Amino acid sequence: MKAGLYTYAWDLEAIGYNTAVGQIAEAGFTAVNLATAYHAGKFILPRNPQRKVYFSEDGSLYFMPDLSRYGKIKPRVNSMVSAEGDPVGRLSAAASKYGLEYVAWTVCLHNTWIGERHPDVTMHNAFGDPQLHSLSPAHPDVRAYLVALVGDLVRRYDVSAIELESPGYMGFAHGFHHEIYGVKLDAVQQRLLGISFNPVEIAGATAEGIDAANLRLRVASLIDDSWNRGRPVEIDGAPSQPVQDLLADEEFIAYEAWLNRQVVSLAEEVRAAIRAASSSTRIRHFAAMAAGEQPDVQDPLLATGDDILLGYAATPADAEAKVAAFAGAEKPLWGMLRSIAPDFPEPEGLEEIISTWKRSGVEGLDIYNFGLMSQPNFDAVARALNG
Numbered sequence: 002m003k004a005g006l007y008t009y010a011w012d013l014e015a016i017g018y019n020t021a022v023g024q025i026a027e028a029g030f031t032a033v034n035l036a037t038a039y040h041a042g043k044f045i046l047p048r049n050p051q052r053k054v055y056f057s058e059d060g061s062l063y064f065m066p067d068l069s070r071y072g073k074i075k076p077r078v079n080s081m082v083s084a085e086g087d088p089v090g091r092l093s094a095a096a097s098k099y100g101l102e103y104v105a106w107t108v109c110l111h112n113t114w115i116g117e118r119h120p121d122v123t124m125h126n127a128f129g130d131p132q133l134h135s136l137s138p139a140h141p142d143v144r145a146y147l148v149a150l151v152g153d154l155v156r157r158y159d160v161s162a163i164e165l166e167s168p169g170y171m172g173f174a175h176g177f178h179h180e181i182y183g184v185k186l187d188a189v190q191q192r193l194l195g196i197s198f199n200p201v202e203i204a205g206a207t208a209e210g211i212d213a214a215n216l217r218l219r220v221a222s223l224i225d226d227s228w229n230r231g232r233p234v235e236i237d238g239a240p241s242q243p244v245q246d247l248l249a250d251e252e253f254i255a256y257e258a259w260l261n262r263q264v265v266s267l268a269e270e271v272r273a274a275i276r277a278a279s280s281s282t283r284i285r286h287f288a289a290m291a292a293g294e295q296p297d298v299q300d301p302l303l304a305t306g307d308d309i310l311l312g313y314a315a316t317p318a319d320a321e322a323k324v325a326a327f328a329g330a331e332k333p334l335w336g337m338l339r340s341i342a343p344d345f346p347e348p349e350g351l352e353e354i355i356s357t358w359k360r361s362g363v364e365g366l367d368i369y370n371f372g373l374m375s376q377p378n379f380d381a382v383a384r385a386l387n388g
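Position in the sequence shown counted from 1, then plus 1, gives you the working numbering.
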């Protein structure tokens, strides 16, 4: 069975590319899934010889882009990239030496660095506030940026597969640095706050006969009433009647369908750009992460890819259920496993779930994450893959 290992450049840089890739190959992996365009984070690195806690550079690329390909939005280039080379190039050379493939793990529209510099291209909530962590797939500048990025990457490197994370609307919840809420934020409030009303979206939907401006006011009024007038939008775990009326309104349904079409049409443009650069690069979407808060977009979005990433399983039963859920899909399926806490704080159970994925008939298995695993967990994964 094929097996890819999610990996960060800062671990490869610290350990050394040849040494790290040699360890990955010896453990039984067939591919290194390098975070090639990635967001901010704070990471504990148990096996990193240079540092144990690392803050990554938000929204940056780990290869040297051809800036002439990009429009208004220019990419942030990670500090590990220089005239002497970049992590993608160094990994590609080491992977070739050990017979491993390079998979481009690519975060698409989750980019706070760009959102801070171009708030006009982000999701906007019903009050008109930019949601800086999520770029709008409907905005032409965002579309041009992402299409340029994937074409740039695949044209210049031997990319076995590209795994596209966050290709659509991310919704409201994010886990932002020092998030502070002075109100109780229930699931319905989050659902309403996660509906995007960027001016470009309002104009585009209006041009198709949808009164998006009025919908924005209705959504804002429901949230404001909940916060300031004692009219909850969630009662006994269910949407209140006014929210139910909104969600059932044909105008609202049409607007959400319009937003979904922007996600899918962008994915189609991304596919075309990848295919123009490479006929062999596989395109993979995350089934469990593709839809964000727009459940109706998942199937047409997955249809634009070649393979389906089934999502992380923490138990053998979970893995079997994920395979069963996509049994009718006419695409190769990939299992996924988070071999770290909280799913697997200890190595116990890792060999069993990897064996389950092996028996399930999936095309391959993607495991997260090389630098975040403790040595006992890494050893357990290696035993299971080589067993």
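We treat Cβ as the ideally placed atom computed from N, Cα and C, and that holds for glycine.
Treat the numbers as computed from the prediction; the structure is a model and nothing was measured.
For this session: Mind checking which residues open and close the alpha helix (DSSP H) that includes L147?
Result: Here residue 147 is taken as the residue at index 146 of the sequence shown, counted from 1. Its alpha helix (DSSP H) spans residues 141-157.
For this session: Compare the beta carbon distance of V155 and A273 with 8 Å and say whether it is the shorter of the two.
Result: For the purposes of this step, residue 155 is taken as the residue at position 154 of the sequence shown. For the purposes of this step, residue 273 is taken as the residue at position 272 of the sequence shown. No.
For this session: May I have the straight-line CA-CA distance separating G5 from A288, to the nearest angstrom?
Result: Residue mapping note: residue 5 aligns to position 4 of the sequence shown, counting from 1. Residue mapping note: residue 288 aligns to position 287 of the sequence shown, counting from 1. So the two alpha carbons sit approximately 17 Å from each other.
Exercise. Run through DSSP, which three-state label would Q51 get?
Worked result: On the sequence shown, position 50 is the one that residue 51 refers to. Correct three-state label for Q51: coil.
Exercise. Per the contact definition of three or more C-beta pairs closer than 8 Å, is the segment 32-41 in contact with the segment 49-65?
Worked result: yes
For this session: Could you tell me if the beta carbon of Q24 falls within a distance shorter than 7 Å of some heavy atom in the ligand ADP?
Result: In the structure shown, the ligand ADP is absent, as is every other ligand, since no ligand is present at all.
Exercise. In the DSSP assignment, what are the bridge partners of R283?
Worked result: On the sequence shown, residue 283 is found 282 positions in, with the first residue counted as 1. DSSP output for R283 lists A162 as bridge partner(s).
Exercise. Nearest CA to the CA of K332: which residue from I45, Q132, P50, L302?
Worked result: Within the sequence shown, the letter at position 331 stands for residue 332. Residue L302 is the option with its Cα nearest to K332.
Exercise. Who are V33's beta bridge partners in DSSP?
Worked result: Position 32 of the sequence shown, counted from the start, is the residue given in the question as residue 33. L6, Y103.
Exercise. Short check: CB of E364 to CB of K3, under 8 Å?
Worked result: For the purposes of this step, residue 364 is taken as residue 363 along the sequence shown, with counting starting at 1. For the purposes of this step, residue 3 is taken as residue 2 along the sequence shown, with counting starting at 1. Yes, they are a contact pair.
Exercise. CB-CB under 6 Å to A95, same chain, minus the five flanking residues each way: which ones, in chain order?
Worked result: For the purposes of this step, residue 95 is taken as residue 94 along the sequence shown, with counting starting at 1. Closer than 6 Å at Cβ, skipping near neighbours: Y18, N19, V22.
Problem set entry | Start-to-end residues for the beta strand (DSSP E) that takes in K185 | The residue you call residue 185 lines up with position 184 of the sequence shown. Here K185 belongs to no beta strand (DSSP E), and DSSP marks it neither H nor E.
Exercise. Would you report the Cα separation of G183 and D380, rounded to the nearest angstrom?
Worked result: As a first step, residue 183 is located in the sequence shown; it is residue number 182 there, counting from the start. As a first step, residue 380 is located in the sequence shown; it is residue number 379 there, counting from the start. Each residue's Cα considered, the two are about 45 Å apart.
Exercise. Who are W335's beta bridge partners in DSSP?
Worked result: Taking the sequence shown and counting its residues from 1, one reaches residue 335 at position 334. Paired residue(s): L310, G365.
For this session: Tell me where the beta strand (DSSP E) around I211 begins and ends.
Result: Against the sequence shown, residue 211 aligns to sequence position 210. Note, I211: premise wrong, no beta strand (DSSP E); not H, not E.
Exercise. On the three-state DSSP scale, how would you describe V108?
Worked result: As a working mapping, residue 108 is identified with position 107 in the sequence shown. Looking at V108 - three-state DSSP - the assignment turns out to be strand.
For this session: Since I believe D237 is in contact with Y7 (beta carbons under 8 Å), could you give me their beta-carbon distance rounded to a whole number of angstroms?
Result: As a first step, residue 7 must be located in the sequence shown, where it is residue number 6. As a first step, residue 237 must be located in the sequence shown, where it is residue number 236. Between D237 and Y7 the Cβ distance is about 40 Å, and since that is not below 8 Å, they are no contact.
Exercise. When burial is assigned at 16 or more other CB atoms within 10 Å of the CB, is G293 buried or exposed?
Worked result: Locating residue 293 in the sequence shown gives position 292, counting from the first residue. With a pLDDT of 49 at G293, under the threshold of 50, the modelled position of that residue is not reliable, and the figure given next carries that caveat. G293 should be labelled buried.
For this session: Please go through the same chain and pick out, in chain order, the residues whose beta-carbon is closer than 7 Å to the beta-carbon of A255, but skip the five residues on each side of it.
Result: To locate residue 255, count along the sequence shown from 1; it is residue 254. Same-chain partners within the cutoff: I211.
Problem set entry | Rounded distance between the beta-carbons of L35 and L373, thought under 8 Å | Start at 1 with the first residue of the sequence shown, and residue 373 comes out as number 372. Start at 1 with the first residue of the sequence shown, and residue 35 comes out as number 34. Not a contact, Cβ separation roughly 14 Å.
For this session: Determine the contact status of L386 and A28, defining contact as a CB-CB distance below 8 Å.
Result: Counting from 1 along the sequence shown, the entry for residue 386 is found at position 385. Counting from 1 along the sequence shown, the entry for residue 28 is found at position 27. A contact, by the Cβ cut-off of 8 Å.
For this session: Drop a sphere of 10 angstroms on the beta-carbon of E347, count the other beta-carbons inside from all chains shown, and report buried for 16 or more, exposed for fewer.
Result: Within the sequence shown, the letter at position 346 stands for residue 347. It counts as exposed.
Exercise. What residues are listed by DSSP as bridge partners for R77?
Worked result: Along the sequence shown, one-based indexing puts residue 77 at 76. DSSP output for R77 lists S61 as bridge partner(s).
Problem set entry | Between the CA atoms of L101 and F30 - distance to the nearest angstrom | Numbered from 1 along the sequence shown, position 29 holds the residue referred to as residue 30. Numbered from 1 along the sequence shown, position 100 holds the residue referred to as residue 101. For F30 and L101, the distance between alpha carbons rounds to 8 Å.
For this session: Note down, one range per segment and in chain order, each alpha helix (DSSP H) of at least 4 residues found wholly within the segment 190-247.
Result: 200-208, 213-229
Exercise. Hey, out of R276, A188, G72, whose CA is closest to D307's CA?
Worked result: The residue labelled residue 307 in the question sits at position 306 within the sequence shown. With distances taken between Cα atoms, D307 lies closest to R276.
Exercise. According to DSSP, what are the bridge partners of G86?
Worked result: Reading the sequence shown from its first residue, position 85 is the one you call residue 86. Looking at the DSSP assignment, G86 forms a beta bridge with S83.
For this session: Can you tell me the Cβ-Cβ gap for V264 and P138, rounded? I've got them flagged as a contact below 8 Å.
Result: Position 263 of the sequence shown, counting from 1, holds the residue named residue 264. Position 137 of the sequence shown, counting from 1, holds the residue named residue 138. That belief holds up - the Cβ atoms of V264 and P138 are roughly 5 Å apart, short of 8 Å.
For this session: Could you tell me which residues DSSP puts in a beta bridge with H125?
Result: Here residue 125 corresponds to residue number 124 of the sequence shown, with the count starting at 1. Looking at the DSSP assignment, H125 forms a beta bridge with P131.
Exercise. Mind checking V54: buried by the 16 CB within 10 Å criterion, or exposed?
Worked result: Position 53 of the sequence shown, counted from the first residue, corresponds to residue 54. Exposed, by the Cβ-count rule.
Exercise. What is the rounded straight-line gap between the Cα of S197 and the Cα of F128?
Worked result: The residue given as residue 197 occupies position 196 in the sequence shown. The residue given as residue 128 occupies position 127 in the sequence shown. Each residue's Cα considered, the two are about 10 Å apart.
Exercise. What's the call for S83, buried or exposed, on a 16-neighbour Cβ count within 10 Å?
Worked result: Taking the first residue of the sequence shown as 1, we reach residue 83 at position 82. So S83 ends up on the exposed side.
Exercise. Alpha carbon to alpha carbon, what distance is there between Q299 and V122?
Worked result: As a working note, residue 122 is residue 121 in the sequence shown. As a working note, residue 299 is residue 298 in the sequence shown. Roughly 23 Å between the two C-alpha positions.
For this session: Measure from the alpha carbon of N215 to the alpha carbon of each residue in L110, K185, P141, P200, then state which is nearest.
Result: Position 214 of the sequence shown, counted from the start, is the residue given in the question as residue 215. When only C-alpha atoms are compared, the closest one is P200.
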